[in-house]
Amino acid sequence: SEDHVLPKETQLKDFISTLPAREGWSTPLIQYKKYWFRRQMLEKILLVQDTYKPRTDDIILATQPKCGTTWLKALAFTITNRSRYSFADHPLLTLHPQHVVPFIEIRSLGMDHIEFETLPSPRLLATHMPISMLPSDTRSRGCRIVYLCQDPKDTLVSRLHFENKVVKGCNLPMDNAFSMFCEGFSPYGPFWDHCREYWEDSLARPNNVLFMKYEEIMSDPVQGVRELAKFLGVPLTEEEESSGVAEEVVKLCSFETLTSLQVNQVGGVDAGNKAYLDNSVFFRKGKVGDWTNHMSQEMGEKLDSIVQLKLQGCGLVF
Ligand code: A3P
Numbered sequence: 008s009e010d011h012v013l014p015k016e017t018q019l020k021d022f023i024s025t026l027p028a029r030e031g032w033s034t035p036l037i038q039y040k041k042y043w044f045r046r047q048m049l050e051k052i053l054l055v056q057d058t059y060k061p062r063t064d065d066i067i068l069a070t071q072p073k074c075g076t077t078w079l080k081a082l083a084f085t086i087t088n089r090s091r092y093s094f095a096d097h098p099l100l101t102l103h104p105q106h107v108v109p110f111i112e113i114r115s116l117g118m119d120h121i122e123f124e125t126l127p128s129p130r131l132l133a134t135h136m137p138i139s140m141l142p143s144d145t146r147s148r149g150c151r152i153v154y155l156c157q158d159p160k161d162t163l164v165s166r167l168h169f170e171n172k173v174v175k176g177c178n179l180p181m182d183n184a185f186s187m188f189c190e191g192f193s194p195y196g197p198f199w200d201h202c203r204e205y206w207e208d209s210l211a212r213p214n215n216v217l218f219m220k221y222e223e224i225m226s227d228p229v230q231g232v233r234e235l236a237k238f239l240g241v242p243l244t245e246e247e248e249s250s251g252v253a254e255e256v257v258k259l260c261s262f263e264t265l266t267s268l269q270v271n272q273v274g275g276v277d278a279g280n281k282a283y284l285d286n287s288v289f290f291r292k293g294k295v296g297d298w299t300n301h302m303s304q305e306m307g308e309k310l311d312s313i314v315q316l317k318l319q320g321c322g323l324v325f
């Protein structure tokens, strides 16, 4: 049985140094309960077990990195704040989507000052944590969770580009990244376990956990907005439907609109550890199926069959 008793803050570093560590990505990853994390991330994950106090009306946007977090943040922020802001004078025209929704366990760049406890309700928060590592009060209080995942092949391609772009001197070849990813060794991975946990909870608690796929939103974004709005307790009214509000949300949050804005093209933040995060780094192609340009068909099939095997029996397929 895995223990849920967490070491005190002062003991965290010692505790983490006892865990398995492995090199291969731009920084070593540490394994905690089957998942792999960067050291700083794991420290924060363990810390927020005590410092994050879930509220009943918290909304948590959950993803694995590179699965469309930026897009989901933009969509959920726009949907839940649509009575406050007009599309012509919208915060997303001047603020990066990553900066309007803070992460629970990551010091959100440009949002260092954010203190969870002082944020007004309802709070819109983001996380990459597996659902089993969210403080248990998120469950007992019935917080709403939206999980967005993406095809593993496209996720891997996006991950590799991000890693090589963000970390100075990192030039990881696809072959290495591919074999590590296939072993389940990737930041916040294994990919399949992360998806599977959220998927199973979405089946068990459909009013609390909404499971979405990047590809599905991409193929019908207006429907995606409707579904999100409904789940978040702010369904589109008939009037909004007829005046095209969903279409406006889709347009504002689209890859094309967001990448055309200056705030998403210039500037950035020094994230420490030789990493510099350009605002633009969260936008690359924004296309489904780009993996074919970076991986062989054979590799694609291999990864697919591994994921299929790992997800066998739970009903989730990619
Ligand atoms: P690609 O690298 O495949 O282009 P995350 O936000 O979780 O880091 O995920 C980043 C991925 O989402 C990148 O994928 C990025 O281009 C894509 N993305 C960012 N903004 C998007 C948007 N508004 N619509 C669709 N995809 C978007």
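Taken in order, the sequence shown gives residues 8 to 325; the numbers are from the numbering used here.
Quick reminder that beta carbons are idealized off the backbone N, C-alpha and C, glycines included.
This one's a predicted model, so the numbers in the text were calculated from it and none came from an experiment.
*asked:* Just verifying my parser: in three-state terms, what is the DSSP assignment at cysteine 150?
replied: In the sequence shown, the residue the question calls residue 150 occupies position 143. DSSP, reduced to helix, strand and coil, places cysteine 150 outside both helices and strands of the structure shown, so it counts as coil.
_Status (buried if at least 16 other CB within 10 Å, exposed otherwise) for leucine 316_ = In the sequence shown, the residue the question calls residue 316 occupies position 309. With fewer than 16 Cβ atoms within 10 Å of its Cβ, leucine 316 is classed as exposed.
_Exposed unless 16 or more other CB atoms sit within 10 angstroms - verdict on aspartate 277_ = Counting from one through the sequence shown, the residue named residue 277 turns up at place 270. Aspartate 277 should be labelled exposed.
_Quick check: what's the CA-CA separation for lysine 60 versus phenylalanine 188?_
Taking the first residue of the sequence shown as position 1, residue 60 is located at position 53. Taking the first residue of the sequence shown as position 1, residue 188 is located at position 181. A straight-line Cα-Cα distance of about 33 Å links lysine 60 and phenylalanine 188.
*Does the Cβ of glutamate 112 have 16 or more other Cβ atoms within 10 Å, making it buried, or fewer, making it exposed?*
Translated into the one-based positions of the sequence shown, residue 112 becomes position 105. The C-beta of glutamate 112 has 16 or more other C-beta atoms within 10 Å across all chains shown, which makes the residue buried.
_Judging by CA-CA distance, which residue of Arg151, Glu305, Gln304 is the nearest neighbour of proline 213?_
What you label residue 213 is simply residue 206 of the sequence shown in a count that begins at 1. Selected option, being the one with the closest Cα: Arg151.
*Does the count of Cβ pairs from the stretch 149-164 and the stretch 207-221 closer than 8 Å reach three?*
Flag = yes, the stretch 149-164 and the stretch 207-221 touch.
*From this set, Glu124, Arg233, Pro129, which residue's C-alpha is nearest glutamate 247's C-alpha?*
Within the sequence shown, numbered from 1, the residue matching residue 247 stands at position 240. Distance check between glutamate 247 and each of Glu124, Arg233, Pro129 places Arg233 closest, using alpha-carbon atoms only.
*Which runs of the alpha helix (DSSP H) spanning at least 4 residues fall entirely within the stretch 178-227, listed in chain order?*
The qualifying runs are 181-189, 198-211, 221-226.
*Determine, using beta carbons only, whether isoleucine 86 and leucine 132 come nearer to each other than 8 Å.*
Indexing the sequence shown from 1 puts residue 86 at position 79. Indexing the sequence shown from 1 puts residue 132 at position 125. Contact flag unset, no.
*Around the C-beta of valine 324, are 16 or more other C-beta atoms found within 10 angstroms, so that it is buried, or is it exposed?*
The sequence position of residue 324 within the sequence shown is 317, counting from 1. Of the residues assessed, valine 324 falls on the exposed side of the cut-off, its CB having fewer than 16 other CB atoms within 10 angstroms.
*asked:* Using only the alpha-carbon positions, how far apart do glycine 275 and valine 107 sit?
replied: As a position in the sequence shown, residue 275 is number 268, starting the count at 1. As a position in the sequence shown, residue 107 is number 100, starting the count at 1. A direct Cα-to-Cα measurement between glycine 275 and valine 107 gives close to 15 Å.
*Does DSSP put aspartate 277 in a helix, in a strand, or in coil?*
Translated into positions along the sequence shown, residue 277 becomes position 270. Reduced to three states, the DSSP call for aspartate 277 is strand.
*Work out the CA separation of arginine 146 and leucine 36 for me, nearest whole Å.*
As a working note, residue 36 is residue 29 in the sequence shown. As a working note, residue 146 is residue 139 in the sequence shown. Pairing leucine 36 with arginine 146, the inter-Cα distance amounts to about 28 Å.
*Below 7 Å CB to CB, which residues in the same chain sit around methionine 181 once its five sequence neighbours on both sides are set aside?*
Against the sequence shown, residue 181 aligns to sequence position 174. Within the same chain, and ignoring the five residues on either side of methionine 181 in sequence, the residues whose Cβ sits closer than 7 Å to its Cβ are Leu167, His301, Met302.
*Within the present structure, is the beta-carbon of cysteine 156 separated from the nearest heavy atom of the ligand A3P by less than 7 Å?*
Mapped onto the sequence shown, residue 156 falls at position 149. Cysteine 156 Cβ: outside cutoff for every heavy atom of the ligand A3P.
*Rounded separation between glutamine 105 and lysine 80 - CA only*: What you label residue 105 is simply residue 98 of the sequence shown in a count that begins at 1. What you label residue 80 is simply residue 73 of the sequence shown in a count that begins at 1. Cα to Cα, glutamine 105 sits roughly 7 Å from lysine 80.
*Give the C-beta separation of leucine 100 and leucine 268 to the nearest angstrom, bearing in mind that I take them to be a contact with Cβ-Cβ under 8 Å.*
Position 93 of the sequence shown, counted from the start, is the residue given in the question as residue 100. Position 261 of the sequence shown, counted from the start, is the residue given in the question as residue 268. The pair is a contact, with the Cβ atoms about 6 Å apart (cut-off 8 Å).
*Status (buried if at least 16 other CB within 10 Å, exposed otherwise) for arginine 45*: As a working note, residue 45 is residue 38 in the sequence shown. With 16 or more Cβ atoms within 10 Å of its Cβ, arginine 45 is classed as buried.
*Taking all protein chains shown into account, decide if valine 273 is buried (16 or more other Cβ within 10 angstroms of its Cβ) or exposed.*
Locating residue 273 in the sequence shown gives position 266, counting from the first residue. Answer is exposed; the Cβ neighbour count stays below 16.
*For threonine 3, which residues of its own chain have a beta-carbon under 6 Å away from its beta-carbon, when the five flanking residues on both sides are left out?*
Nothing in the structure corresponds to residue 3, since the chain is present only between 8 and 325.
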